[in-house]
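What follows is one structure encoded as structure tokens, with my remarks underneath.
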Amino acid sequence: MSHGEVVHPGDPGKLVVSTKVKTLFSALMFIGGLLFIMGLVKDSQQAWHAYLVGFFVIFTFAMGGLFFTAIQHVVKAGWSASVRRICEAMASYLPLAAVGMLVFLLFGAGHVFEWLHADAVASDPLLQHKSGYLNAPFFWVRTILFFGIWVVFSKSLIGSSLKQDQTGDSQITHGVVTKAVIFVLLFAITYSFYSIDMMMAVSPHWFSTIFGVYTFGGMFQATMAVLLLIIFYLRKNGLLTGYVNENHMHDIGKFMFGFTVFWAYIAYSQFMLIWYANLPEETFWFIPRYEGAYSGVTLTLLLLRFIVPFLALLPRWAKRTPTHLAAVSILIIAMQVVDIYWLVYPSFKPDHSVLGVFDFGPLLFFAGLFLFGLTRFLSKNPVVAHKDPYIHESLKHEVIY
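Structure representation (structure tokens):
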């Protein structure tokens, strides 16, 4: 709900990134890269599984930012105009993610996906049956196509927003709706198939018809957590004053709460249907995760990705208290890492859980790269799309329930 008259706060300013912060991000990338190289020397197969986990976790933040940006345009949301630029900054990482994906395709995919090896396919009737989809040329083509679509639309949506900062032309906002609608439709298809390719295809004998929905739920929940932490960081640095208040945080907190429930619902639905049918070609995937070496990880996800965030975000005050929201956001981001690990590693080592210090290398590297790109974007552009025609509605935004 919005009401009353407000004064436009004016130029929202740009983020000033200190040398100390830049050094921190560089250190993350250096340490992460070094750990990854050491992991390659020790066990190249495990190192590339760690690369996939670290890459995909950070990638979901960028894709979530782009999806949030697009969906706000589609529904012509007014409340989010003052926070949308932050999601655009998150999405600006996608070209860097494309480079990271290319490295994986060139050097790592063969260490992770058994169906890329002709001898493995030749000796496995099921892989032969799935070879029409799971084959190297088609895998390369669709991966490049997916990233091409995502990068083009991110450049277009972000570029239109930045152009409006200069011209103030309200027609840009109306014109971008069509692009956003097309992207959302393409996103539903491309992200689902990409999740299948990167996560489900690690165990090519298994299948789930709602796997893409499962990874989407986790992606959006974690994206809202990242968005909140960035907002708190910018506010601490004297930015967003007059643009973002507890009402905006409340709505983002509601998104985070809603997708906490959504993620749990999809996770339960996926498990329950397979458990009830009790077909060996489906249940084998869950055995190491629910009864074997990774059962503790499963319980951790249930407790810390659903039960604790659900209870912690349930009260109204919880969604309006920055310190409380920050703590829950950090927990959810950590559980996104655990979730992707849970999807990948049991297929790699089903008999015993593996996790060493080298496995954190790719995650640290891509986290540093993401933060470097994010802060660079916000240091070059205003932190708020202050000439968006919906900005006045955002400034007056108030949550009364």
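All residue numbers for the sequence shown refer to the numbering used here, where the first residue is 47 and numbers rise by one.
Each residue gets a CB set at the ideal place from its N, CA and C atoms; glycine is no exception.
Could you give the first and the last residue of the continuous alpha helix (DSSP H) run that contains residue i?
i      : result
GLY299 : 292 to 323
PRO396 : PRO396 -> no alpha helix (DSSP H), and no H or E assigned at all.
THR344 : 341 to 347
GLU327 : 326 to 329
ALA456 : Limits of the chain in this structure are 47 at one end and 447 at the other, which puts residue 456 out of reach.
ARG188 : 182 to 213
ARG422 : 407 to 426
SER126 : Note, SER126: premise wrong, no alpha helix (DSSP H); not H, not E.
ILE256 : Unbroken run through ILE256: none, as it is neither H nor E.
MET245 : No alpha helix (DSSP H) holds MET245; DSSP gives it neither H nor E.
THR69  : 65 to 88
LEU140 : 140 to 149
PRO334 : 333 to 336
Using the beta-carbon count (16 or more within 10 Å), is residue i buried or exposed?
i      : result
LYS365 : buried
VAL403 : exposed
LEU401 : exposed
PRO355 : buried
ARG362 : exposed
ALA73  : exposed
THR65  : exposed
GLY194 : exposed
PHE233 : buried
HIS175 : exposed
ILE218 : buried
TYR340 : buried
ASN293 : buried
LEU61  : buried
VAL167 : buried
ALA159 : Rather than Ala, the amino acid found at residue 159 in this sequence is Phe. The residue is buried, with at least 16 neighbouring Cβ atoms inside 10 Å.
TYR453 : Residue 453 cannot be examined here, being either before or after the span of the chain that is shown, 47 to 447.
GLY146 : buried
MET244 : buried
THR213 : exposed
HIS49  : Caution applies to HIS49, whose pLDDT of 48 falls short of 50 and renders its modelled position unreliable; the value that the coordinates give is listed next. HIS49 comes out exposed.
LYS282 : exposed
THR13  : Summary: the structure shown does not reach residue 13, with the chain confined to residues 47 through 447, and so no result is reported for it.
ASP434 : buried
HIS157 : buried
GLU337 : exposed
For a test of the three-state rule: what should DSSP assign to residue i, helix, strand or coil?
i      : result
HIS443 : strand
VAL357 : Going by the sequence as given, residue 357 is Leu instead of Val. If DSSP states are grouped into helix, strand and coil, LEU357 belongs with the helices.
THR115 : helix
GLY100 : helix
SER48  : Unreliable positioning characterises SER48 in this predicted model, as indicated by a pLDDT of 47, which lies under 50. The coordinate reading is nonetheless provided below. Correct three-state label for SER48: strand.
PHE159 : coil
ASP170 : coil
TYR436 : coil
ALA431 : coil
HIS530 : Outside the shown range of the chain (47 to 447) lies residue 530, about which nothing can therefore be said.
TRP363 : helix
ARG241 : According to the sequence displayed, residue 241 carries Ser and not Arg. SER241 falls in the helix class under three-state DSSP.
ARG351 : helix
PHE278 : helix
PRO250 : coil
THR236 : helix
THR287 : coil
LYS225 : helix
VAL62  : coil
LEU273 : helix
TYR391 : helix
ASP385 : helix
SER375 : helix
PRO55  : coil
Return the Cβ separation of residue i and residue j in integer angstroms, given the expectation that the two are a contact with Cβ distance under 8 Å.
i      : j      : result
ALA358 : VAL374 : 5 Å
ALA268 : ILE378 : 6 Å
THR189 : LEU151 : 6 Å
LEU203 : ALA226 : 7 Å
PHE71  : PRO408 : With a Cβ gap of about 15 Å, PHE71 and PRO408 do not count as contacting.
Return the residue from the list the options that minimises the CA-CA distance to residue i.
i      : options                           : result
LEU371 : LEU345, PRO334, MET381 and HIS296 : HIS296
VAL259 : VAL87, TYR311, HIS251 and THR287  : TYR311
GLY205 : ALA116, GLU328 and PHE102         : ALA116
ASN427 : LEU350, ALA166, LEU285 and PHE394 : LEU285
PRO326 : PHE105, THR106, LYS68 and TRP252  : TRP252
ARG131 : GLY304, SER207 and LEU410         : SER207
CYS396 : SER249, LEU417 and HIS54          : One detail in the question is off: residue 396 reads as Pro in this sequence, not Cys. With distances taken between Cα atoms, PRO396 lies closest to SER249.
LEU389 : MET246, GLY85, MET84 and PHE114   : MET246
SER440 : HIS54, SER126, LYS68 and LYS433   : SER126
PHE123 : TYR436, GLU328 and ILE446         : The question names Phe, yet the displayed sequence has Ala at residue 123. When only C-alpha atoms are compared, the closest one is TYR436.
ASP405 : ASN181, GLY263, VAL63 and TRP94   : TRP94
So, is the C-beta of residue i closer than 9 Å to a C-beta in chain B?
i      : result
ILE378 : The structure shown contains no chain B; it is built from a single protein chain.
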